[in-house]
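Chemist: Just so we're aligned: the sequence shown equals residues -25 to -1, 1 to 316 in mature numbering (1 follows the signal peptide of the UniProt record, and there is no 0). By construction, the Cβ of each residue, glycine as well, lies at the ideal position given by its N, Cα and C atoms. The structure is given below, and queries will be raised subsequently.
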Amino acid sequence: MISRWVHSAVLAALVLVIAPIPAQADSGFAPVDRPGPALSVPQDQLKAALSCHGDPGSEQQPVLLSPATSVTPEENYSWTYAKAFTDQDRFWCAVTMPDHTMGDIQVAGEHLVHSIRAMHRLTGKRVAVLGHSQGGMSMRWALRFWPDVRPVVDDIIGMAPSNHGTETLKGCGPGPTSCKPAVWQQLAGSEFMRALNSRAETYEGISYTVVYTRHDEVVTPPESSELTTGEGMITNVATQDLCAANTSTHLLVGTIDPVTYALVIDALDHPGPADPARVDASVCGQPLMPHIDPASVDTYLRPLSAIPGLLSTALPGVNLVGAPSVDREPQLRCYVYAAGC
């Protein structure tokens, strides 16, 4: 059984609906209970990519931060959620993906598998994974193909996640319009997206909170962020459902938006996914999420706004540090398929 937030076209009211939704059947992809493969990324690289902070014995739920396409955890979170969690004395870790989070997301998935396992060993607790854009989707690759990590994950929280790809980017192809590997994989209809969402999108015992904005210009249509199938408990909510005048874009939802922050904290501090009914209406009048130094907004947000996530990585002539552009989507690994390796 899952829960979904249904938006009233007239009153924009939120009504919690509990109903069974059948899993997506796709016999070409691996069954959901098949053990995952050994990690191909060397252990020393996996260990070096994970940075943890605070007391692993903290009473609060530990959080793993997963970054968006084209940014590092430092750029994405050091001035926002990392600072908030430190102020809360919450144990948190961040994983730095290869190639500035522009490389093959199958490799990023292995980093997430290692990070979740390592955090569970450190804390003895089930882990919450919080991510923006690609980072709000990629942890689902780890859950889909490494079922051993599911029992140690409590919450999956995506901020404007690219759960079904985006229809915005149409320019990927051979020649000068080649794209970064992660951009190919986040196009709507990609083989990566077909595999990610095959058979089931969510898993029993895990709470899924999807927060997005109807002003998203990167993940389009914005509602494609939503999750609907599987046995997990799901809250899909747009920031405008709580605050009709909210104007946050894709970048702001994953950084400074106070409505998103309130929903993230609600999910972390309560059993199950976020419940918008628990969020105080006063959040609509806040300019920034708590814990942010206003001076840091200019320091971090201005450079980030010039590189709006995966949108810029597909533009001809843009040469960002990271994976080289390629003229086709990376081939899916053999473990993805029903036939296996």
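#1: If you draw a straight line from the alpha carbon of residue 44 to that of residue 19, how long is it in whole angstroms?
#2: Should residue 8 go down as buried or exposed, given a rule of 16 or more other Cβ atoms within 10 Å for buried?
#3: Buried or exposed: where does residue 241 fall if 16 or more other Cβ atoms within 10 Å of its Cβ makes it buried?
#4: Could you give the DSSP three-state label for residue 172: helix, strand or coil?
#5: Can you tell me where the alpha helix (DSSP H) holding residue 26 begins and where it ends?
#6: Quick check on this structure: which residue in 267, 39, 48, 261 has the alpha carbon closest to the alpha carbon of residue 66?
#7: DSSP on residue 310, reduced to helix/strand/coil?
#8: Measuring only the C-alpha atoms, how far is residue 56 from residue 84?
#9: Just to confirm, is the Cβ distance from residue 219 to residue 307 under 8 Å?
#10: Looking only at its chain, what residues have a beta carbon closer than 6 Å to the beta carbon of residue 130, apart from the 5 residues adjacent to it on each side?
#11: Comparing alpha-carbon positions, which option in 138, 158, 191 lies nearest residue 173?
#12: What does DSSP give as the partner residues of residue 130 in its beta bridges?
#13: If we count Cβ pairs, one from each stretch, closer than 8 Å, do we get three or more for the segment 20 to 36 versus the segment 223 to 241?
#14: Which residues in the same chain have their Cβ closer than 6 Å to the Cβ of residue 238, if we skip the five residues on either side of it in sequence?
#15: Let me know if residue 78 comes out buried or exposed under the rule of 16 or more other beta-carbons within 10 Å of its beta-carbon.
#16: Do you know how far the Cα of residue 14 is from the Cα of residue 5?
#17: With distances taken between CB atoms, is the gap from residue 164 to residue 134 smaller than 8 Å?
#18: Tell me the residue span of the alpha helix (DSSP H) that contains residue 231.
#19: So what does DSSP say about residue 113, is it helix, strand or coil?
#20: Beta strand (DSSP E) containing residue 213: first to last residue?
#21: Beta-carbon within less than 8 Å of residue 269's beta-carbon, same chain only, minus the 5 sequence neighbours each way: which residues are those?
#22: Do residue 81 and residue 304 have their C-beta atoms closer together than 8 Å?
#23: Under three-state DSSP, which class holds residue 61?
#24: Give the DSSP bridge partners of residue 41, in chain order.
#25: Spatial neighbours of residue 142 within its chain, please: CB distance less than 6 Å, with the 5 preceding and 5 following residues excluded, ordered by chain position.
#26: Rounded to whole angstroms, what's the CA-CA distance from residue 62 to residue 54? Just pull it up for me.
#27: Whole angstroms are fine: how far does the CA of residue 113 sit from the CA of residue 91?
#28: Do the CB positions of residue 70 and residue 279 come within less than 8 Å of each other?
#29: Looking at the secondary structure, which residues open and close the beta strand (DSSP E) in which residue 67 lies?
#30: Cα separation between residue 261 and residue 59?
#31: Going by beta-carbon coordinates alone, are residue 217 and residue 251 separated by less than 8 Å?
#32: Is residue 126 close to chain C? Criterion is C-beta to C-beta, closer than 8 Å.
#33: Using 8 Å for Cβ pairs, my map puts residue 225 next to residue 108. What's the rounded Cβ distance?
#34: Could you tell me which residues DSSP pairs with residue 205 in its beta bridges?
#35: Residues in its own chain within less than 6 Å of residue 175 by CB, not counting five upstream and five downstream?
#36: Rounding to the nearest angstrom, what Cα-Cα distance links residue 52 and residue 42 in this structure?
Modeler: Looking at the atomic coordinates:
#1: What you label residue 44 is simply residue 69 of the sequence shown in a count that begins at 1. What you label residue 19 is simply residue 44 of the sequence shown in a count that begins at 1. Answer to the nearest angstrom: the Cα atoms are 23 Å apart.
#2: What you label residue 8 is simply residue 33 of the sequence shown in a count that begins at 1. By the 16-neighbour rule on beta-carbons within 10 angstroms, residue 8 is exposed.
#3: The residue you call residue 241 lines up with position 266 of the sequence shown. Buried.
#4: One-based indexing of the sequence shown puts residue 172 at position 197. It is coil, neither helix nor strand.
#5: Taking the sequence shown and counting its residues from 1, one reaches residue 26 at position 51. Where residue 26 is concerned, there is no enclosing alpha helix (DSSP H), although the beta strand (DSSP E) it sits in stretches over 25 to 28.
#6: For the purposes of this step, residue 66 is identified with residue 91 of the sequence shown, where counting begins at 1. Considering only alpha carbons, the answer is 39.
#7: Sequence index remark: in the sequence shown, residue 310 carries index 335 (1-based). DSSP places residue 310 in helix when its eight states are reduced to three.
#8: Here residue 56 refers to the residue found at position 81 of the sequence shown. Here residue 84 refers to the residue found at position 109 of the sequence shown. One Cα belongs to residue 56, the other to residue 84, and the distance between them is close to 21 Å.
#9: Within the sequence shown, numbered from 1, the residue matching residue 219 stands at position 244. Within the sequence shown, numbered from 1, the residue matching residue 307 stands at position 332. No, these two residues do not count as a Cβ contact at 8 Å.
#10: Translated into the one-based positions of the sequence shown, residue 130 becomes position 155. Closer than 6 Å at Cβ, skipping near neighbours: 103, 182, 242.
#11: Position 198 of the sequence shown, counted from the first residue, corresponds to residue 173. Among 138, 158, 191, the Cα nearest to that of residue 173 belongs to 138.
#12: Working through the sequence shown from its first residue, we reach residue 130 at position 155. Per DSSP, 103, 182.
#13: Flag = no, the segment 20 to 36 and the segment 223 to 241 do not touch.
#14: In the sequence shown, counting from the first residue as 1, residue 238 sits at position 263. Answer for residue 238: 186, 249, listed in chain order.
#15: As a position in the sequence shown, residue 78 is number 103, starting the count at 1. Note on residue 78: 16 or more other CB atoms within 10 angstroms of its CB, so buried under the neighbour-count rule.
#16: Residue 5 sits at position 30 when you count from the first residue of the sequence shown. Residue 14 sits at position 39 when you count from the first residue of the sequence shown. Their backbone Cα atoms lie some 17 Å apart in a straight line.
#17: For the purposes of this step, residue 164 is identified with residue 189 of the sequence shown, where counting begins at 1. For the purposes of this step, residue 134 is identified with residue 159 of the sequence shown, where counting begins at 1. Contact annotation: residue 164 and residue 134 have beta-carbon atoms that are not nearer than 8 Å.
#18: Translated into positions along the sequence shown, residue 231 becomes position 256. Following the DSSP letters along the chain, one finds residue 231 in no alpha helix (DSSP H), marked with neither H nor E.
#19: The residue given as residue 113 occupies position 138 in the sequence shown. Of the three classes helix, strand and coil, the one that applies to residue 113 here is coil, per DSSP.
#20: Locating residue 213 in the sequence shown gives position 238, where the first residue counts as 1. 208 to 213 is the span of the beta strand (DSSP E), which, as asked, contains residue 213.
#21: Numbered from its first residue, the sequence shown carries residue 269 at position 294. Counting only residues of its own chain and dropping the five nearest sequence neighbours on each side, residue 269 has a CB closer than 8 Å to the CB of 263.
#22: Along the sequence shown, read from residue 1 onward, the residue named residue 81 stands at position 106. Along the sequence shown, read from residue 1 onward, the residue named residue 304 stands at position 329. By the CB criterion at 8 Å, residue 81 and residue 304 fall outside the cutoff.
#23: Numbered from 1 along the sequence shown, position 86 holds the residue referred to as residue 61. Of the three classes helix, strand and coil, the one that applies to residue 61 here is helix, per DSSP.
#24: Position 66 of the sequence shown, counted from the start, is the residue given in the question as residue 41. The bridge partners DSSP lists for residue 41 are 106.
#25: The residue given as residue 142 occupies position 167 in the sequence shown. Closer than 6 Å at Cβ, skipping near neighbours: 163, 195.
#26: Taking the first residue of the sequence shown as position 1, residue 62 is located at position 87. Taking the first residue of the sequence shown as position 1, residue 54 is located at position 79. Answer to the nearest angstrom: the Cα atoms are 12 Å apart.
#27: For this step, residue 91 is matched to residue 116 along the sequence shown. For this step, residue 113 is matched to residue 138 along the sequence shown. Their Cα atoms are separated by approximately 13 Å.
#28: To locate residue 70, count along the sequence shown from 1; it is residue 95. To locate residue 279, count along the sequence shown from 1; it is residue 304. Contact annotation: residue 70 and residue 279 have beta-carbon atoms that are not nearer than 8 Å.
#29: As a working mapping, residue 67 is identified with position 92 in the sequence shown. In the DSSP assignment, residue 67 falls within the unbroken beta strand (DSSP E) covering 67 to 70.
#30: To locate residue 261, count along the sequence shown from 1; it is residue 286. To locate residue 59, count along the sequence shown from 1; it is residue 84. Those two C-alpha atoms are separated by around 16 Å.
#31: Taking the first residue of the sequence shown as position 1, residue 217 is located at position 242. Taking the first residue of the sequence shown as position 1, residue 251 is located at position 276. Cβ atoms of residue 217 and residue 251: closer than 8 Å.
#32: Among the protein chains of the structure shown there is no chain C, as only one such chain exists.
#33: Position 250 of the sequence shown, counted from the start, is the residue given in the question as residue 225. Position 133 of the sequence shown, counted from the start, is the residue given in the question as residue 108. Here residue 225 really is in contact with residue 108; their C-beta atoms are around 7 Å apart, less than 8 Å.
#34: One-based indexing of the sequence shown puts residue 205 at position 230. Residue 205 is bridged to 177.
#35: Position 200 of the sequence shown holds residue 175. In the same chain as residue 175, and ignoring 5 residues on each side of it, the C-beta atoms closer than 6 Å to its own belong to -3, 7, 204, 205, in chain order.
#36: The count along the sequence shown starts at 1 and reaches residue 52 at position 77. The count along the sequence shown starts at 1 and reaches residue 42 at position 67. Going from the Cα of residue 52 to the Cα of residue 42 covers about 8 Å.
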